[in-house]
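**Student:** Below is a structure I'd like to ask you about.
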Amino acid sequence: MIGIIGGSFAGLFAARALALKGWQVTVFEPDAPGDISDFDRTFDEWQRPGVPQLRQPHTVRALARRLLLDRDPELAADLLGCGAIEWPYSLRRPDVERVEDPELIGILARRTTIEPVIRARVESTPGVTFVKAYVNDLVFEQTKDGPKITGLVLRDGTRLPFQCIIDASGRRTRLPEWLRKIDIEPPAVQSQPAGMIYYSRYFRFHPGAEATNMTGIRSGPAGVVPLMAFRSNTLDRGTFSLALAVASWEPRFRALKNDQVFNAFAGQIPAVAKWIDPAVSQPISKARAFGDIFNTYWDFMRDGKPIVANLYALGDSRVHTSPYFGWGITLALKQALLLADNFKGPDNIDHQSEFERAAAAFCYPYFEAAAEEDAARSAIWKDEPLPQSDRYTFYTSVLTPAASRDPYVYREVYRRTNMLTHPHAIFDQPDIIDRARRAMQAGPDKTISAQDVLDRIETAQKATMLAAE
Ligand SMILES: Cc1cc2nc3c(=O)[nH]c(=O)nc-3n(C[C@H](O)[C@H](O)[C@H](O)COP(=O)(O)OP(=O)(O)OC[C@H]3O[C@@H](n4cnc5c(N)ncnc54)[C@H](O)[C@@H]3O)c2cc1C
41 MIGIIGGSFA GLFAARALAL KGWQVTVFEP DAPGDISDFD RTFDEWQRPG
91 VPQLRQPHTV RALARRLLLD RDPELAADLL GCGAIEWPYS LRRPDVERVE
141 DPELIGILAR RTTIEPVIRA RVESTPGVTF VKAYVNDLVF EQTKDGPKIT
191 GLVLRDGTRL PFQCIIDASG RRTRLPEWLR KIDIEPPAVQ SQPAGMIYYS
241 RYFRFHPGAE ATNMTGIRSG PAGVVPLMAF RSNTLDRGTF SLALAVASWE
291 PRFRALKNDQ VFNAFAGQIP AVAKWIDPAV SQPISKARAF GDIFNTYWDF
341 MRDGKPIVAN LYALGDSRVH TSPYFGWGIT LALKQALLLA DNFKGPDNID
391 HQSEFERAAA AFCYPYFEAA AEEDAARSAI WKDEPLPQSD RYTFYTSVLT
441 PAASRDPYVY REVYRRTNML THPHAIFDQP DIIDRARRAM QAGPDKTISA
491 QDVLDRIETA QKATMLAAE
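Position in the sequence shown (first residue = 1) + 40 = the working numbering.
Structure follows, in structure tokens:
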């Protein structure tokens, strides 16, 4: 009855949530599932062409953990039982009060571990069928009330009738193309480059090796310097990821695609050097780049009603935000639950509109926050003047650095990052704004200059060349 295009997070969460409510769902996914009997082999070998970001670091936000525990304890147990780390976020500095928050717990594991675990649970859910196939087109019918979806076409030409279709085919969705083909104007889109390219690599600690987290903020060294943010996270089975999110306009960073340059560059960050020291850990992947990153939002309502009756979009094909925020999986889960709550069967335009309004109310502020924060960060990195009245200039230059000094500011910044509070709500907390201003009165942390960062790339390249001679 319901056809879902794409069996990644959005498609899987939707299939599960709808099937638990008694609906019959068919998921079309061309890629084979990952093997859950050996997660290290899956990490090394799983072929997943439909998801090019598969081996980029992914974190699961505290909101997703809470939603799963509340709404789907079985799936939560699978996810938490697969070796994932439940990470309680709090400022860990010996010189400040420790402020705990029982809700503020994220889930850390390789995406190649968690995605197959979710798929396995969805496969065993009564009412869900998987078809290993690529959807090549949609079938529509014109009614007096406007276009309505009636089915889909597979790559081999097979036409299958469906009363409802969910597009969960990710950021490269072909939906706009399919709609244009039958003269339907695609949904209005807002899109803005994130201004970053990701370079990342995975490592595994040697048995018994210990690393000190010098930043005290996250489950691994993290920080922001001009032109670059670096993040690491301890993950399942003694592994950890290191991601360098660098200014997309600076071509010298392209050298980071080289494994040796990546390590030689990252090794110049003192906190990271301790983790990637060959005596402590060893790389388990190549350095991988991911560019072409946008914050994008599609509006599926026009003139107060859904653009196509019985057609839904979930996950990245509705909204995607820069990976810097780590919001995509949780946005997909929340949308899937909203759909399951509002779905009352086909040809029910009022409930479809209800879902659209609920999804927009939840998702749009995340798009807006990501776009504004990325723009503010890019301007700061480019040394462009920006009014301090701009809320995300304030967020980037005062609230975020204050989080590593004041445990209450930390808690609110990380509740926001973990999607437990509305993304803009922090600006309506005068006590937190005051605390942040006071914490930053001593001035910003001593940091290196943009030129220093670029010089270090050059140093890393030279060291790599010398080592090769
Ligand atoms: C570098 C990077 C890092 C990220 N880090 C994080 C993070 O830390 N935390 C987080 O929450 N999010 C993160 N994200 C975002 C996250 O990857 C996405 O939000 C998430 O994968 C979206 O899930 P989805 O199901 O909507 O789409 P996708 O995961 O993109 O999956 C789309 C699926 O549809 C299938 N498909 C495509 N076309 C068709 C078709 N025509 N027919 C049938 N099937 C089709 C594909 O095979 C695939 O399985 C990151 C993204 C990037 C790029």
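Glycine included, each C-beta is placed from N, C-alpha and C at the ideal position.
Check whether the stretch 111-131 and the stretch 235-244 are in contact - that is, three or more C-beta pairs closer than 8 Å.
**Tutor:** Flag = no, the stretch 111-131 and the stretch 235-244 do not touch.
**Student:** Quick test of the definition: if touching needs 3 or more C-beta pairs under 8 Å, does the stretch 195-202 touch the stretch 290-305?
**Tutor:** Contact between the stretch 195-202 and the stretch 290-305 is absent, because fewer than three Cβ pairs lie under 8 Å.
**Student:** Let's see if you can read the secondary structure: which residues bound the alpha helix (DSSP H) around isoleucine 472?
**Tutor:** First-last of the alpha helix (DSSP H) with isoleucine 472: 470-479.
**Student:** Taking C-alpha atoms, which residue in Pro216, Ser288 and Gln182 lies nearest to serine 418?
**Tutor:** Closest option to serine 418, Cα to Cα, is Ser288.
**Student:** Which same chain residues end up closer than 6 Å to isoleucine 257 when comparing Cβ atoms and leaving out the 5 residues on each side of it in sequence?
**Tutor:** Low confidence applies here, because isoleucine 257 scores a pLDDT of 47, under 50, leaving its location unreliable; read the following figure in that light. Cβ within range, chain order: Ser444.
**Student:** For valine 177, which option in Glu69, Arg161 and Arg195 has the closest C-alpha, if you only look at C-alpha atoms?
**Tutor:** Reading off the sequence shown, one finds aspartate at residue 177, where the question assumed valine. For aspartate 177, the nearest C-alpha among the options comes from Arg195.
**Student:** Would you kindly report the start and end of the unbroken alpha helix (DSSP H) that includes glutamate 418?
**Tutor:** Residue identity differs from the one stated: residue 418 is serine in this sequence, not glutamate. Element bounds for serine 418: 389-421.
**Student:** Between the stretch 204-211 and the stretch 43-60, can you find at least three pairs of beta-carbon atoms closer than 8 Å?
**Tutor:** A contact exists between the stretch 43-60 and the stretch 204-211.
**Student:** For threonine 255, which residues of its own chain have a beta-carbon under 8 Å away from its beta-carbon, when the five flanking residues on both sides are left out?
**Tutor:** Its pLDDT being 45, under 50, threonine 255 is placed unreliably by the model, and the measurement read from it follows with that caveat. So the list reads Pro261, Ala262, Gly263, Ala311 and Ser444, once near-sequence residues are dropped.
**Student:** What do you reckon, are the CB atoms on alanine 416 and threonine 436 nearer than 8 Å?
**Tutor:** Cβ atoms of alanine 416 and threonine 436: closer than 8 Å.
**Student:** Answer yes or no: the CB of tryptophan 367 versus the heavy atoms of ligand 1, is any distance below 7 Å?
**Tutor:** The answer is yes for tryptophan 367.
**Student:** Taking the alpha helix (DSSP H) that arginine 220 belongs to, which residues open and close that run?
**Tutor:** 215-221 is the span of the alpha helix (DSSP H), which, as asked, contains arginine 220.
**Student:** What runs of the alpha helix (DSSP H), each 4 residues or longer, lie entirely inside the stretch 42-72?
**Tutor:** Segments of the alpha helix (DSSP H) lying fully in the stretch 42-72: 49-60.
**Student:** Mapping the DSSP letters down to three states, classify phenylalanine 305 as helix, strand or coil.
**Tutor:** Phenylalanine 305 falls in the helix class under three-state DSSP.
**Student:** If distances are taken between C-alpha atoms only, which option among Ala102, Arg241, Tyr352 and Gly51 comes closest to valine 162?
**Tutor:** For valine 162, the nearest C-alpha among the options comes from Gly51.
**Student:** Within the same chain, show all residues whose beta-carbon is closer than 8 Å to that of leucine 494, passing over the 5 residues directly before and after it, in chain order.
**Tutor:** Once the five neighbours on either side are set aside, the close Cβ partners of leucine 494 are Leu267, Glu290 and Arg292.
**Student:** Tell whether a beta-carbon distance below 8 Å holds between aspartate 511 and proline 425.
**Tutor:** The requested residue 511 is not part of the displayed model; the chain covers only 41 to 509.
**Student:** Indicate the three-state DSSP secondary structure (helix, strand or coil) for methionine 268 in the structure shown.
**Tutor:** Looking at methionine 268 - three-state DSSP - the assignment turns out to be strand.
**Student:** Give me the Cα-Cα distance between glycine 146 and isoleucine 222, rounded to the nearest whole angstrom.
**Tutor:** One C-alpha to the other measures close to 43 Å.
**Student:** Applying the criterion that 16 or more other CB atoms from any shown protein chain within 10 Å of the CB defines a buried residue, is arginine 212 buried or exposed?
**Tutor:** Exposed, by the Cβ-count rule.
**Student:** Tell me whether leucine 107 sits in a helix, a strand or coil according to DSSP, three-state version.
**Tutor:** Looking at leucine 107 - three-state DSSP - the assignment turns out to be helix.
**Student:** Let me know if tryptophan 338 comes out buried or exposed under the rule of 16 or more other beta-carbons within 10 Å of its beta-carbon.
**Tutor:** Burial call: buried.
**Student:** Can you tell me which of the three DSSP states glutamine 232 falls into?
**Tutor:** Three-state result, glutamine 232: strand.
**Student:** Alpha helix (DSSP H) containing alanine 349: first to last residue?
**Tutor:** Premise fails: alanine 349 is in no alpha helix (DSSP H) and is neither H nor E.
**Student:** Can you give the Cα-Cα distance for phenylalanine 68 and alanine 376, rounded to whole angstroms?
**Tutor:** Taking the straight line from one Cα to the other gives about 16 Å.
**Student:** Ligand 1 heavy atoms versus the CB of alanine 372: any closer than 7 Å?
**Tutor:** True, at least one ligand heavy atom lies under 7 Å from that Cβ.
**Student:** Determine the DSSP secondary structure at phenylalanine 383, reduced to helix, strand or coil.
**Tutor:** Phenylalanine 383: coil per DSSP, three-state reduction.
**Student:** Using 10 angstroms around the beta-carbon of leucine 506, count the other beta-carbons present and answer buried if the total reaches 16, otherwise exposed.
**Tutor:** Looking at its Cβ environment, which holds fewer than 16 other Cβ atoms inside 10 Å, leucine 506 is exposed.
**Student:** Would serine 489 be called buried (16 or more neighbouring beta carbons within 10 Å of its own) or exposed?
**Tutor:** Counting Cβ neighbours within 10 Å, serine 489 comes out exposed, since fewer than 16 surround it.
**Student:** Let's test the definition: count the other Cβ atoms within 10 Å of the Cβ of alanine 319 and tell me whether it reaches 16, buried, or not, exposed.
**Tutor:** Counting Cβ neighbours within 10 Å, alanine 319 comes out exposed, since fewer than 16 surround it.
**Student:** What are the boundary residues of the beta strand (DSSP E) that includes tryptophan 127?
**Tutor:** Element bounds for tryptophan 127: 125-128.
**Student:** Classify glycine 355: buried if its beta carbon has 16 or more other beta carbons within 10 angstroms, exposed otherwise.
**Tutor:** It counts as buried.
**Student:** Just verifying my parser: in three-state terms, what is the DSSP assignment at serine 288?
**Tutor:** Here serine 288 sits in coil by DSSP.
**Student:** Is DSSP giving alanine 262 helix, strand or coil here?
**Tutor:** Strand.
**Student:** Just how far apart, CA to CA, sit leucine 446 and arginine 271?
**Tutor:** For the sequence presented, residue 446 should be read as aspartate rather than leucine. Answer to the nearest angstrom: the Cα atoms are 20 Å apart.
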